[in-house]
Amino acid sequence: MRTLILLMVLLVPLGANAQTTFERTYGGSGDDYAYSVAETDDGGYIVAGWTWSFGPGIPDIYLVKTDGAGDTVWTRAYGGSLGDFSYSVEQTDDGGYVVAGYTFSFGAGVA
């Protein structure tokens, strides 16, 4: 069994006082991967990657929203019946999120 293991570190100028903010494990019983972490306007984090644990496909885009302490606020899985992957996430000015990646489930050339 593999789970997403994510270490989030407070980013400060390099020096002797840099300390780990928190450590948390997110994900399910399948293989889950994180590829992007961004701090959000509320002091929390948004994590993007993909999951083999949740969603309709194999794998699907996986988002985890946390508060500033690393506790899960919500999770979402997006995708179709084929592979869907996210590599980057950023918060938008209106408080939403934009996710970049690719899909085999949707678009031209998919039968």
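Residue numbering for the sequence shown follows our numbering, starting at 17 and increasing by one per position. Backbone N, C-alpha and C define an ideal beta-carbon position, used for all residues, glycine too.
Query	Result
Can you tell me the Cα-Cα spacing of G86 and L98, whole angstroms?	30 Å
Below 8 Å, can you find three or more Cβ-Cβ pairs linking the region 104-113 to the region 88-95?	no
How long is the line joining the alpha carbons of D83 and A116, rounded to whole angstroms?	22 Å
Thinking S104 and S52 are a contact (beta carbons under 8 Å), I'd like their distance in whole angstroms, please.	5 Å
How big is the Cα-Cα spacing for V80 and Y42?	8 Å
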